Amino acid sequence: MTSKSQHLSQTRPVAMLGLTYGAILRGNDYENRSRRCPYNLRPDAANWEYVAVNHRGYLYAHQDGEYSFTAPIADNLSLLWLAPNAYSGYTRANANLEATYTPVGSAPLEYKVTLVKGKYYPIRFSWDNSGGAGYYELKIKAPDGTLIVDGTTTISPYLVKFGCRDT
Numbered sequence: 001m002t003s004k005s006q007h008l009s010q011t012r013p014v015a016m017l018g019l020t021y022g023a024i025l026r027g028n029d030y031e032n033r034s035r036r037c038p039y040n041l042r043p044d045a046a047n048w049e050y051v052a053v054n055h056r057g058y059l060y061a062h063q064d065g066e067y068s069f070t071a072p073i074a075d076n077l078s079l080l081w082l083a084p085n086a087y088s089g090y091t092r093a094n095a096n097l098e099a100t101y102t103p104v105g106s107a108p109l110e111y112k113v114t115l116v117k118g119k120y121y122p123i124r125f126s127w128d129n130s131g132g133a134g135y136y137e138l139k140i141k142a143p144d145g146t147l148i149v150d151g152t153t154t155i156s157p158y159l160v161k162f163g164c165r166d167t
């Protein structure tokens with residue numbers, strides 16, 4: 001078991017390293033195990049038993065105002081960092097959003113923050129599964145309610161690998 005300040009991706013050796021093309025995706029789930037298996041993982045449960053996925057990039061704020069980040073489902077642990085802690089020094093204790101085993105139908109956890117139009121904000125989203133099947137989802141909504149990403153999104157123009165200079 002990891003401590004409160006650590007999570008699986010910081011305590012286990014890396015077995016696979018690569019790029020994810022597209023936005024933050026829903027992980028393997030119980031009902032649709034063969035539907036979507038990112039990162040070259042097979043849909044069989046053994047491949048998902050102990051896995052940590054660590055997304056990092058930049059969120060482009062295309063509007064001024066309050067953005068919402070929700071983790072509607074998580075099995076076993078989903079963590080979100082936005083701004084400086086997304087670069088380095090990220091721990092479970094300083095995550096902006098933490099979701100631990102939230103089955104489908106549970107009340108989603110939410111983090112809201114005011115962002116400035118034209119800026120790129122570092123973002124990191126980590127999902128850890130520590131036994132059995134697992135799943136995750138992150139939803140990001142703009143101030144006007146526009147959905148930037150959710151479990152069905154495959155690409156978003158507002159989530160990028162590299163941040164550009166502020167416009």
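Using UniProt numbering, the first residue of the sequence shown is number 1, and each one after it goes up by one.
Note that the Cβ used here is the ideal one computed from N, Cα and C, for glycine as well.
All values derive from a computational prediction rather than experimental measurement.
Give me the DSSP bridge partner(s) of residue i.
i, result
"Lys112", "Ser68"
"Phe162", "Paired residue(s): none; Phe162 is not in a bridge."
"Asp128", "Ala52, Leu77"
"Pro122", "Tyr58"
"Val149", "Ile140"
Expressed to the nearest angstrom, what Euclidean distance is found between the alpha-carbon atoms of residue i and residue j?
i, j, result
"Glu66", "Val51", "32 Å"
"Tyr90", "Ser156", "24 Å"
"Ala93", "Tyr111", "15 Å"
"Gly53", "Lys141", "This sequence places Val at residue 53; Gly is not what is there. Taking the straight line from one Cα to the other gives about 22 Å."
"Ala61", "Leu82", "12 Å"
"Tyr58", "Phe162", "6 Å"
"Tyr158", "Gly105", "28 Å"
"Val116", "Pro84", "15 Å"
"His55", "Val160", "11 Å"
"Lys139", "Leu80", "11 Å"
"Ser68", "Glu137", "14 Å"
Can the beta-carbon of residue i be found less than 9 Å from the beta-carbon of residue j?
i, j, result
"Asp75", "Tyr135", "yes"
"Thr70", "Pro108", "yes"
"Gly151", "Ile73", "yes"
"Ser78", "Phe125", "yes"
"Pro122", "Gln63", "no"
"Val113", "Asn96", "yes"
For residue i, verify whether its CB is less than 8 Å away from any heavy atom of the ligand HEM.
i, result
"His55", "Of the ligands one can find in the structure shown there are none, so the ligand HEM has no counterpart to examine."
Any 3 or more C-beta pairs closer than 8 Å across the stretch 140-148 and the stretch 100-110: no
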